[in-house]
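Read in order, the letters of the sequence shown are residues 2 to 451 in the numbering used here.
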Amino acid sequence: MTLASSGMILTFLLAIVIISATSLGSYASASELNSSRPINGVVMKGAFVTMKQNDNGSLSAPQDYIEDSLKKISGAGLNHVRFVFYWEAYERDPEAFMKEIQSVANAADKYGVKIIYDNHQWHTSSWLEIKATGFPYSLFQDNPKYSRGGGGNTQDKAAKVFWADWWNRSVKDKQGKDGWTLMADFLKKIVLAVDNHSSTLGYEILSEPHVDKINQWSKIGKFNSFITKELRNITSKTIVYSMNVPVDLNSPINISPKNLAKMAPSNKENIAFKVSVYAVPHGDGYQEKRFNLFLKTSDKTGVPLYIGEWNNVVRTKEGGITKLNPDKSELTKTDAKQILGALKKAGVWGTAFWRWDYQPVDTDSFNLVSNKTGKLVPTKYLGILKDTVKTIYGSSGDTSTSNDGKENNLINELVNTGKFTEAEAKELVSKTKQNGADDTSTSKTGYQNR
């Protein structure tokens, strides 16, 4: 190809970019991240990124699980995924872990789905409990205080010992490197891998950290401030910090807006506060008080609420302990409308339904898909979610998805000329957006006021 013809093609492509500016400029105003329609989607579990560190026999994911899932999610009129991963899964197989993370970003770009990458933990780590997942073994193996199998739930002594050390920043690996720094380094790997994707909305620091003592609230704030500062060196996208567990209004740790506010990072620019809602917020006195607690915390900090998990469950007492009852838990259309209706009224920044998972679960309503035949089949709950989101928030339409597609096509065409790197092409297309609007902002003007 001659230089002249190459230049003509480049000029033509640049003209396309400029002509498309009007369409792309409406991207922010038409986006599903604006004040009229928050992000609404699902919590999605992956395959390699959610494996326990000593796991060698998990059910294999269906072929094209990531691609097929994001296609179905987008097709259901949903525009968001909170994608769950576990640090210990990375330590188990870094290559497979990062490959799957990258596949999520690529598929999400294709289908116009906004992703929050969620650093999840449940009962601390599989080091402490067989069913648990979260922190990697390298933080436990060389410390006799963290006895294997000692229990990772909030009431377990072994978990309390670990979390106390974690908030005191005294958890270290065998090289003597502290856990906070190690986690920041781990999260940076994910940020560097996906931050330049149009589908990347942000990152969750650590899901549902344990609080066992009143003096730990401010320590969590220091931790969130540290991680936020580290990530802000390489990303301007949304950073999410999470509510604690346990969330018991009668707990001795004194859950209050004042204490919950202490968890917020010092830099609150483009920050969201993730909470979970597993019942109708106004269904009874307790649930209403619990949700109001989060609303007051949001008002106090100026940080918008992100409902990172929602569903409807029934809990019953067993041996003096209140536990989820899979047999009695159910999600009806009425339940879903009441919950989402209450969340919309409260003006939350976004929602993610729990959950989307190729692996079977004990509670039927806890999964939007079934994998009994080796192929993903939507359950009735996806239909309920789809219809409810449309009813409460209105149809998402194709504006955001199509604009994402146009943007990605233009970027690819520019790169294919050989005149631009991917980063340069993205920068050029980005600059054509009118007023340089940033649709991922979580500022108080960027979500529905209460």
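Each residue gets a CB set at the ideal place from its N, CA and C atoms; glycine is no exception.
{"Item": "Asn-35 to Ser-59 span [Cα, whole Å]", "Value": "Unreliable positioning characterises Asn-35 in this predicted model, as indicated by a pLDDT of 41, which lies under 50. A coordinate reading is not provided."}
{"Item": "Where Tyr-91 sits in the DSSP three-state scheme", "Value": "helix"}
{"Item": "Assigned exposure category for Asp-249 - 16 Cβ within 10 Å defines buried", "Value": "exposed"}
{"Item": "Reference Asn-144; option with closest CA among Phe-224, Trp-167 and Val-315", "Value": "Trp-167"}
{"Item": "Stretch pair the stretch 324-336 + the stretch 299-308: three plus CB contacts closer than 8 Å", "Value": "no"}
{"Item": "Nearest-angstrom Cα separation, counted from Leu-429 out to Ala-133", "Value": "45 Å"}
{"Item": "Residue range of the unbroken alpha helix (DSSP H) whose run includes Ile-117", "Value": "That residue, Ile-117, is in no alpha helix (DSSP H); its beta strand (DSSP E) goes 115-120."}
{"Item": "Residues that DSSP places opposite Glu-205 in a beta bridge", "Value": "Asp-119 and Val-241"}
{"Item": "Endpoints, beta strand (DSSP E) assigned at Gly-222", "Value": "Per DSSP, Gly-222 belongs to no beta strand (DSSP E); it is in the alpha helix (DSSP H), 218-233."}
{"Item": "Distance between Lys-175 and Glu-289 (C-alpha atoms, nearest Å)", "Value": "46 Å"}
{"Item": "Closest Cα partner of Lys-220 within the set Ser-208, Ile-240, Ala-265 and Leu-188", "Value": "Ala-265"}
{"Item": "Assigned exposure category for Tyr-28 - 16 Cβ within 10 Å defines buried", "Value": "Caution applies to Tyr-28, whose pLDDT of 30 falls short of 50 and renders its modelled position unreliable; the model cannot decide the point."}
{"Item": "Neighbourhood of Lys-318 by C-beta, 6 Å cutoff - its chain only, sequence neighbours within 5 removed", "Value": "none"}
{"Item": "Alpha-carbon spacing of Asp-388 relative to Thr-364, whole angstroms", "Value": "21 Å"}
{"Item": "When Arg-233, Trp-218 and Val-212 are compared against Glu-205, the one with the closest alpha-carbon", "Value": "Arg-233"}
{"Item": "Beta carbon of Asn-154 nearer than 8 Å to that of Ala-160", "Value": "yes"}
{"Item": "Per DSSP, the bridge partner or partners of Gly-351", "Value": "Ile-40 and Tyr-307"}
{"Item": "Length of the line joining the Cα atoms of Ser-431 and Leu-129", "Value": "46 Å"}
{"Item": "Candidates Ile-102, Lys-115 and Ile-235, of which the one nearest His-81 by Cα", "Value": "Lys-115"}
{"Item": "Option in Ile-235, Asp-328 and Met-52 with minimal Cα separation from Leu-193", "Value": "Ile-235"}
{"Item": "Residues of its chain near Val-281, where Cβ-Cβ distance is below 8 Å and the 5 sequence neighbours each way are ignored", "Value": "Gln-288, Asn-313, Asp-336, Gln-339, Ile-340 and Ala-343"}
{"Item": "Proximity to Ala-273 [Cα-Cα], best of Asp-328, Val-349 and Glu-231", "Value": "Val-349"}
{"Item": "Ala-97 versus Ser-277: straight-line alpha-carbon distance, rounded", "Value": "29 Å"}
{"Item": "Nearest neighbour of Phe-227, chosen from Thr-182, Gly-47 and Tyr-91 [CA to CA]", "Value": "Thr-182"}
{"Item": "Cβ-based neighbour list, Phe-86, same chain, cut-off 6 Å, excluding 5 preceding and 5 following", "Value": "Val-50"}
{"Item": "Exposed unless 16 or more other CB atoms sit within 10 angstroms - verdict on Lys-373", "Value": "exposed"}
{"Item": "Where Met-264 sits in the DSSP three-state scheme", "Value": "coil"}
{"Item": "Cβ shell of Ile-393 (< 6 Å), same chain only, five flanking positions each side left out", "Value": "Leu-341, Gly-342 and Lys-345"}
{"Item": "Lys-53 to Pro-39 span [Cα, whole Å]", "Value": "33 Å"}
{"Item": "Helix, strand or coil at Asp-110 [DSSP, three-state]", "Value": "helix"}
{"Item": "Buried or exposed (CB count within 10 angstroms, at least 16 for buried), Thr-422", "Value": "exposed"}
{"Item": "Option nearest Gly-76 by Cα separation, candidates Leu-261, Lys-427 and Val-390", "Value": "Val-390"}
{"Item": "Reduced DSSP secondary structure (H/G/I, E/B, other) of Ser-1", "Value": "Summary: the structure shown does not reach residue 1, with the chain confined to residues 2 through 451, and so no result is reported for it."}
{"Item": "CB contact flag (Asp-119, Ser-237, <8 Å)", "Value": "no"}
{"Item": "Other residues of its chain near Ser-267: CB distance less than 7 Å, five sequence neighbours each side excluded", "Value": "Ser-226"}
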